[in-house]
Each structure stands twice: as C-alpha cells, then as structure tokens.
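S.K.: Let me give you the structure first, and then I'll get to my questions.
Number of protein chains: 2
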Amino acid sequence: MSRVVVDVMLKPEILDPQGQAVANALPRLGISDVSSVRIGRRIEIEFAGEPDLDRAREIADKLLANPVIEDFSIRLDDTVAEGA
Amino acid sequence: MSRVVVDVMLKPEILDPQGQAVANALPRLGISDVSSVRIGRRIEIEFAGEPDLDRAREIADKLLANPVIEDFSIRLDDTVAEGA
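Chains as they are written, first to last, in my numbering: chain E, 1 to 84; chain W, 1 to 84.
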C-alpha cells in the first residue's frame with residue numbers, strides 16, 4: 001500500500017474568509033505574532049499497488065481542485081509504514 | 001516570516017463520506033487501483049517572527065480540530081523561500 005498526498009490551497013490572491021476568521025480569533029487566545037492563516041484541503045489517496053503520481057494529478061485536476069481559484073501540489077507520503 | 005502547517009484528518013475509524021464520494025467516482029475516470037481516499041484540512045499559519053510550534057499546537061487544539069473525531073499533526077514548512 002502506498003499513499004499520495006494532494007494539498008489543495010486557495011490561490012494567494014483569493015480571499016480566505018475561513019482562515020481570516022481563525023486569524024481574527026487569535027488575539028483572544030493571547031496570540032499576536034501570527035500574520036496570516038490560510039485553510040485548504042489535504043487529500044490522502046491510497047493506491048493498492050505502486051503509487052502513481054500521474055494518476056493522482058489527474059484525480060486532483062478533475063475531482064479535487066477548482067483550477068480557477070485553487071492550486072494543488074502532489075507528493076508521495078513516505079511516512080506510511082503500516083501494512084505491505 | 002515562517003510557516004507552520006497543521007494537517008487535520010478524520011480519525012481512521014470515522015467514516016469520510018466526502019472521500020468516499022471521490023473514491024466512488026474514480027472508476028468513471030478509468031482508475032481502479034485506488035483503495036481509499038480521505039479528505040481533511042491543511043492549515044498554513046504564518047508567524048511574523050520565529051515559528052512557534054507550541055503556539056501552533058494550542059491554535060490547532062482550540063480552534064482548528066475537533067478532538068472527538070479528528071487527529072492533527074504539526075510541522076514546520078521549510079519550503080517557504082519568499083520574503084525575509
């Protein structure tokens with residue numbers, strides 16, 4: 001079993017109200033040295049056999065990310081040690 | 001400027017209908033070697049000065065993750081090269 005991780009984040013020029021809400025709540029926790037918070041998605045794709053980055057890219061492009069407002073990056077997760 | 005990344009994922013025993021929906025759509029793309037898809041959140045926290053992992057942990061614990069159904073992990077993102 002092998003895992004590919006897709007990180008989907010809003011493009012930098014797109015406003016992120018959800019992250020902004022978290023950033024605005026931080027002073028109430030006494031935290032003042034955070035300059036920004038951005039919230040995106042992390043998708044873990046488990047392949048039955050060998051991991052296939054091209055397949056993962058196709059999945060991200062067609063099903064996971066909206067290319068108008070989001071960027072994505074793909075990487076192999078080599079921290080998976082369980083199973084075969 | 002320094003960035004800490006918080007990954008929030010549903011605990012393994014919690015059903016993930018969103019990921020399941022993506023997994024169910026894959027055969028239509030001709031992809032059959034994916035065994036599971038799990039969808040979580042990736043949060044990027046930018047610190048104005050030095051990154052503070054303890055602070056990030058506090059933020060994740062109080063604002064970002066629901067400890068009843070979610071696990072989170074925290075790491076320094078050393079890929080940030082832009083700016084000072």
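All C-beta atoms in this analysis are idealised placements derived from N, C-alpha and C, irrespective of residue type, glycine included.
#1: Buried or exposed for Met-1 (chain E), going by 16 or more other Cβ atoms inside 10 Å?
#2: I need the straight-line Cα distance from Ser-35 (chain E) to Ile-39 (chain W), nearest angstrom please.
#3: In the segment 36–48 of chain W, which residues sit with their C-beta less than 7 angstroms from some C-beta in chain E, listed in chain order?
#4: Can you name, in chain order, every residue of its own chain whose Cβ lies under 6 angstroms from the Cβ of Pro-51 (chain W), other than the five neighbours on each side?
#5: How about Glu-58 (chain E): is its C-beta nearer than 8 angstroms to some C-beta of chain W?
#6: Helix, strand or coil, according to DSSP, for Val-34 (chain W) in the structure here?
#7: At the 8 angstroms Cβ level, is Ile-31 (chain E) part of the contact set with chain W, yes or no?
#8: Are the segment 7–22 of chain W and the segment 65–73 of chain W touching, with three or more C-beta to C-beta distances below 8 angstroms?
M.R.: A quick look at the data gives this:
#1: Locating residue 1 (chain E) in the first sequence gives position 1, counting from the first residue. With fewer than 16 other Cβ atoms within 10 Å, it is exposed.
#2: Working through the first sequence from its first residue, we reach residue 35 (chain E) at position 35. Working through the second sequence from its first residue, we reach residue 39 (chain W) at position 39. Cα-Cα distance, rounded: 26 angstroms.
#3: Ser-36, Val-37, Arg-38, Ile-39, Gly-40, Arg-41, Arg-42, Ile-43, Glu-44, Ile-45, Glu-46, Phe-47 and Ala-48
#4: On the second sequence, residue 51 (chain W) is found 51 positions in, with the first residue counted as 1. Cβ neighbours of Pro-51 (chain W) beyond the five flanking positions: Ser-2, Val-4 and Leu-76.
#5: Here residue 58 (chain E) corresponds to residue number 58 of the first sequence, with the count starting at 1. So yes, Glu-58 (chain E) belongs to the interface.
#6: Taking the second sequence and counting its residues from 1, the one referred to as residue 34 (chain W) is at position 34. The answer is strand: DSSP assigns Val-34 (chain W) an E or B state.
#7: In the first sequence, the residue the question calls residue 31 (chain E) occupies position 31. Output row for Ile-31 (chain E): interface = yes.
#8: yes
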